[in-house]
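A.B. asks: Once you know that position 120 of the sequence shown is 556 in the working numbering, the rest is easy, because the numbers rise by one and skip nothing.
Backbone N, C-alpha and C define an ideal beta-carbon position, used for all residues, glycine too.
These numbers were taken from a predicted model, which means no experiment stands behind them.
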Amino acid sequence: MITILTTGGTIEGLDYVGDKEIKKTNVSIADFLKTANVEFQYNIESVFKKDSRDINDDDRELLRLKIEETKTRKILITHGTFTMAATAKYLGKLNLEKIIVLVGSFILGSSEKTDAPFNLGYAISSLQFLNPGVYIAMNGKIFLWNNVSKNLETNKFERNE
């Protein structure tokens with residue numbers, strides 16, 4: 437069983453239009469999984485729906501509570517890419533003794549050329565093999581919470597050197 441906690445972000449079709457207005461499209465993680473015809477048990481819970489630029493430590497604390505409440509060992513968190521590394525670091529420092537993978541997309545989940553389904557599948561696959569800890573799974577790579585940052589020039593995640 438995998439618990440999927442959703443927080444919004446591009447993977448769920450939240451797109452900033454200007455400084456404050458958010459454009460929402462109808463994208464569902466459940467729809468991605470249904471299309472992929474998956475064979476594992478999962479539970480999806482929406483924790484909040486925010487552009488990750490608006491996620492703060494109160495939101496991260498809410499995520500911690502949800503993680504601690506769930507009885508499952510494998511947790512997937514969908515998250516916007518702007519502050520994904522900050523959330524991974526926040527959770528990683530807590531030593532929650534579960535396998536926690538954060539995933540998102542760089543291209544809007546409702547776009548025809550989105551990277552969302554690939555990233556989602558890769559993150560779910562990673563949950564099957566990782567040891568307890570907090571990770572980011574993006575574009576075919578796994579990053580440990582304490583060695584990752586988003587490169588705004590390349591729009592990719594990378595290991596801190």
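1. Give the DSSP bridge partners of N555, in chain order.
2. Going by CA-CA distance only, name the one from I440, A472 and I465 that's closest to L499.
3. Between the segment 552-570 and the segment 528-541, can you find at least three pairs of beta-carbon atoms closer than 8 Å?
4. What residue does the beta strand (DSSP E) around M599 start on, and which one ends it?
5. Leaving out five residues on either side along the sequence, give the residues of the same chain with a beta carbon under 8 Å from the beta carbon of T471.
6. Ordered along the chain, which non-local residues of its own chain (more than five positions away) have a Cβ less than 6 Å from that of E548?
7. Determine the burial state of D551: buried for a count of at least 16 other Cβ atoms within 10 Å of its Cβ, exposed for fewer.
8. Cα-Cα, which of F468, T442, I438 and T443 is closest to T546?
9. Report yes if the C-beta distance between A522 and V537 is below 7 Å; otherwise report no.
10. Give the DSSP-derived three-state secondary structure of S561 in the structure shown.
11. Output the residue ranges of the alpha helix (DSSP H) runs that lie fully inside the segment 453-532 and measure 4 residues or longer, sorted by chain position.
12. Assuming S585 is part of the beta strand (DSSP E), what are its boundary residues?
13. Tell me which residues share the same chain as I491 and place their Cβ nearer than 6 Å to its Cβ, disregarding the 5 neighbours each side in the sequence.
14. Is it buried or exposed, R496, if we count other Cβ atoms within 10 angstroms and call 16 or more buried?
15. Ordered along the chain, which non-local residues of its own chain (more than five positions away) have a Cβ less than 8 Å from that of V474?
C.D. replies: So, to answer that:
1. In DSSP, N555 forms no bridge with anything.
2. That would be I440, whose Cα lies nearest to the Cα of L499.
3. With the cut-off at 8 Å, the segment 528-541 and the segment 552-570 touch.
4. The structure shown has nothing for residue 599, since the chain only spans 437 to 597.
5. Shown here for T471: same chain residues with a beta carbon closer than 8 Å to its own, the five before and five after excluded, namely P553 in chain order.
6. Closer than 6 Å at Cβ, skipping near neighbours: no residue.
7. Flag for D551 reads buried.
8. Looking at the sequence itself, residue 546 is Ser, so the reference to Thr does not match. Comparing Cα positions, the closest option is F468.
9. A522 places its beta carbon 7 Å or farther from that of V537.
10. If DSSP states are grouped into helix, strand and coil, S561 belongs with the helices.
11. Segments of the alpha helix (DSSP H) lying fully in the segment 453-532: 465-472, 493-505 and 520-528.
12. Unbroken beta strand (DSSP E) run through S585: S585 to N587.
13. When the five nearest sequence neighbours on each side are left out, the beta carbons in the same chain lying within less than 6 Å of the beta carbon of I491 are those of T519, in order along the chain.
14. Its Cβ being crowded by 16 or more others within 10 Å, R496 is buried.
15. Within the same chain, V474 has close Cβ partners I560.
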